[in-house]
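Down below is the structure, laid out as structure tokens.
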Amino acid sequence: LTNTGDTLTLKQRMDHHLTTSISTIAVAAKYRNEITINFEQAFKKGAQKPKGQYLNYIIKDTDEQERLIDLCRLLDMHQIKYKQVSSKQKMYGYNYQTGNTESFEANEGDLLITAVQPRSVMVQALFDPQTILTDSVSYDITAWALPYAFGLESYATSEKISAYKPAEIYKNEIQKLNDEYAYLVKWNSLNDARFLAQMHQMSIRVRKTNKEFEQNETTFGAGSLVITSADNKNTPNLVQKIERVAKATSTVIYSTKSGWSDRGFDLGSDKVGVLKKPKVAILSGEGVSAYSFGELWFYFEQQLNYPLGVIDIGDFSQIPLDNYNVFILPEGNYRQLSDDDYIKLKSWINKGGKLIAVGSAVGQLYKKKIFKTKDNKKKKEKKKTVTIRYDEVARNSVMDRIGGAIYKTKLDNSHPLGYGFPNYYFSLKISRSHYAQVENAWNVATIEADAMSVGFTGYRLKEKLKETSVCAVKNQGQGSIVLLMDNPLFRGFWYNGQFLFSNALFMVD
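So for the sequence shown, this note's numbering puts the first residue at 372; every next one is plus one.
Put into structure tokens, the structure is as follows:
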């Protein structure tokens, strides 16, 4: 039923789409010569003299090689060319990490994506740090730059790169391993999560570290994976299985002949605990956001290749949760869940279950007082009566809106939810919902008062977002509740968000 009172059927909508498609094809056929010429000219102009403030984008060559691999594969899919810097060069440009324009050093091996190529417009659309808005009244996200999405140290510059070479970023070769004491994996990319998911699928016991250590002159951060031969003595062909999965997931494996470390703790210490295999279920049905459910389904099926049980909200009261140790609430409105359902959920958590709430699902738990927030001790401002014109209502409302902006959050990377990250995380904030810091919980990522942001946020909302929590973990009984205030899987493109969710799934106890 439309807002005019008319009935619009599915058949009518299909007929409209068919008519539009045929009309578009007919017009394209009529003006085929002009369209072909314009299409060709667009690519030629980009390769000769691209528009825009920045011409080159430098992605630093760091230990996070697997993230670079995934980024390059995305560029390959879209036929975007890239090279590598061939010698050290002092440059000046925009620092994505600080939001400042400053001097930096481009080193040999750094990834170079130049806008001087046929797909110039697409390069600038994907990499420009700030989106140019012609109007703040926007219906969609206003920031999406890939360096933020992938969490890579990056710079944008208008200066010419004097020395570069063809890129040699990834080689998907089988790593030949010998029978050793243990096999180690650094935990810092989605590929590592894919590797761990397959280890769990094959019932290979994996441990994680909770502190940094050094082994054979290589530093391993908190969250690094440890697979010992002793833990898996009953697993046939262990080495071959590790090799095969490492190749499939482009994961780098380090082997060691001893449990003694060069620095930090030894591999036999209590700082290396066994990871629990997640048995995961997700809520579906009436009130659950189809978008959020689809994003989670895609993450498990396409990214991790990991099993996921689905529980319809109408059957929740009858389904025994004891078959699972992880339960996910996608975004949505759970009016169908009764008080008894929430009591059942809390009882399951107390017995050792892990609940992960995404986006607006956090608000549902807040309303049911599953968690409380601290007083932010800010004085309430007196509301002033402001008279505005009727035709300015929509524009005035943007002061309290956010158009999908990126916020740099302060991250406690000593907590399992922050493993593999630096001490900050760029969060894609798509909702104006915000929460003061959660009481009796680890507020792992928070927006500081002077937080850097990219994209549009209404000035009144920007004030309200200061000193708020972006993700938190609350221990309850023997279990835990993971609160992800910003949906990290939004549209499935926020790579760093997928890795953050991997921490919630695998690393948080």
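Don't be surprised by glycine CBs; every beta carbon is placed ideally from N, CA and C.
Tell me where the beta strand (DSSP E) around residue i begins and ends.
| i | result |
| --- | --- |
| residue 461 | 460-466 |
| residue 684 | Taken as a continuous stretch (DSSP letters only), residue 684 belongs to no beta strand (DSSP E), as it is neither H nor E. |
| residue 476 | 472-477 |
| residue 797 | 795-800 |
| residue 816 | 813-818 |
| residue 556 | 553-556 |
| residue 529 | Looking at the DSSP string, residue 529 is not in any beta strand (DSSP E), and its letter there is neither H nor E. |
| residue 456 | 454-456 |
| residue 778 | 776-782 |
| residue 427 | 427-430 |
| residue 484 | 482-485 |
What first and last residue would you give for the alpha helix (DSSP H) that runs through residue i?
| i | result |
| --- | --- |
| residue 391 | 381-401 |
| residue 494 | 491-498 |
| residue 518 | 517-521 |
| residue 835 | 830-835 |
| residue 440 | 436-448 |
Taking all protein chains shown into account, do 16 or more other C-beta atoms lie within 10 angstroms of the C-beta of residue i, making it buried, or fewer, making it exposed?
| i | result |
| --- | --- |
| residue 750 | Interpretation of residue 750 is limited by its pLDDT of 45, a score under 50 that renders its predicted location unreliable; no figure is taken from the coordinates. |
| residue 748 | Unreliable placement is indicated for residue 748, whose pLDDT of 46 sits below 50; no coordinate value is reported for it. |
| residue 490 | buried |
| residue 374 | exposed |
| residue 565 | buried |
| residue 470 | exposed |
| residue 387 | exposed |
| residue 685 | exposed |
| residue 718 | exposed |
| residue 402 | exposed |
| residue 896 | Beyond the ends of the chain as shown, which are 372 and 880, falls residue 896; an answer cannot be given. |
| residue 398 | exposed |
| residue 800 | buried |
| residue 859 | buried |
| residue 702 | buried |
| residue 516 | buried |
| residue 385 | exposed |
| residue 798 | buried |
| residue 518 | buried |
| residue 869 | buried |
| residue 413 | exposed |
| residue 444 | exposed |
| residue 848 | exposed |
| residue 485 | buried |
| residue 380 | exposed |
| residue 525 | buried |
Between the Cα of residue i and those of the options, spot the shortest distance and give me the residue it belongs to.
| i | options | result |
| --- | --- | --- |
| residue 683 | 658, 614 and 837 | 658 |
| residue 497 | 691, 423 and 597 | 423 |
| residue 605 | 374, 868 and 574 | 574 |
| residue 583 | 393, 786, 474 and 420 | 786 |
| residue 743 | 673, 397 and 805 | 805 |
| residue 713 | 741, 383 and 650 | 741 |
| residue 370 | 453, 465, 550 and 616 | There is simply no residue 370 to check, as the chain begins at 372 and stops at 880 in what is shown. |
| residue 426 | 570, 499 and 789 | 499 |
| residue 815 | 795, 792 and 842 | 842 |
| residue 342 | 699, 784, 646 and 790 | Outside the modelled stretch of the chain, which goes from 372 to 880, sits residue 342, for which no answer is possible. |
| residue 781 | 794, 772, 788 and 771 | 794 |
| residue 874 | 581, 631 and 379 | 581 |
| residue 513 | 502, 649, 522 and 520 | 502 |
| residue 726 | 443, 692, 419 and 532 | 692 |
| residue 474 | 493, 456, 528 and 519 | 528 |
| residue 446 | 630, 488 and 416 | 488 |
| residue 334 | 626, 609 and 533 | Residue 334 lies beyond the stretch modelled for the chain, which goes from 372 to 880, so this question has no answer here. |
| residue 442 | 540, 868 and 649 | 540 |
| residue 360 | 476, 602 and 578 | Outside the displayed span of the chain (372 to 880) sits residue 360, for which this structure offers no information. |
| residue 715 | 704, 820, 383 and 689 | 689 |
| residue 846 | 707, 547 and 788 | 788 |
| residue 492 | 601, 420 and 523 | 420 |
| residue 803 | 485, 840 and 549 | 840 |
_Contiguous alpha helix (DSSP H) assignments of at least 4 residues, all confined to the segment 573-614_ = none
*Within the segment 701-754, note down every full beta strand (DSSP E) run reaching 3 residues or more, in order along the chain.*
725-729
*Run through the segment 610-668 for me and flag every whole alpha helix (DSSP H) of 4 or more residues, listed as ranges in chain order.*
none
*Do the segment 619-626 and the segment 433-443 touch if we need at least three Cβ pairs shorter than 8 Å?*
yes
*Is the segment 551-560 in contact with the segment 453-462, if contact means three or more CB pairs nearer than 8 Å?*
Contact fails between the segment 551-560 and the segment 453-462, because fewer than three Cβ pairs, one in each stretch, are under 8 Å apart.
*Evaluate contact between the segment 838-858 and the segment 730-737, counting only Cβ atoms and requiring at least three cross-stretch pairs below 8 Å.*
Cβ pair count under 8 Å is three or more, so yes.
*Touching or not, the segment 647-664 and the segment 591-609, by the rule of three or more beta carbon pairs under 8 Å?*
no
*Touch check for the segment 827-834 and the segment 774-781: three-plus C-beta pairs under 8 Å?*
By the criterion of at least three beta-carbon pairs nearer than 8 Å, the segment 827-834 is in contact with the segment 774-781.
*Taking three-plus beta-carbon pairs below 8 Å as touching, is the segment 474-487 in contact with the segment 418-433?*
yes
*Between the segment 806-815 and the segment 668-684, do three or more beta carbon pairs fall short of 8 Å?*
no
_Whether or not the segment 631-642 and the segment 830-839 are in contact is what I'm after, with contact meaning three or more pairs of Cβ atoms, one per stretch, closer than 8 Å; do they touch?_
no
*3-residue-minimum beta strand (DSSP E) runs that sit fully inside the segment 839-877, ordered along the chain*: 839-847 and 850-855
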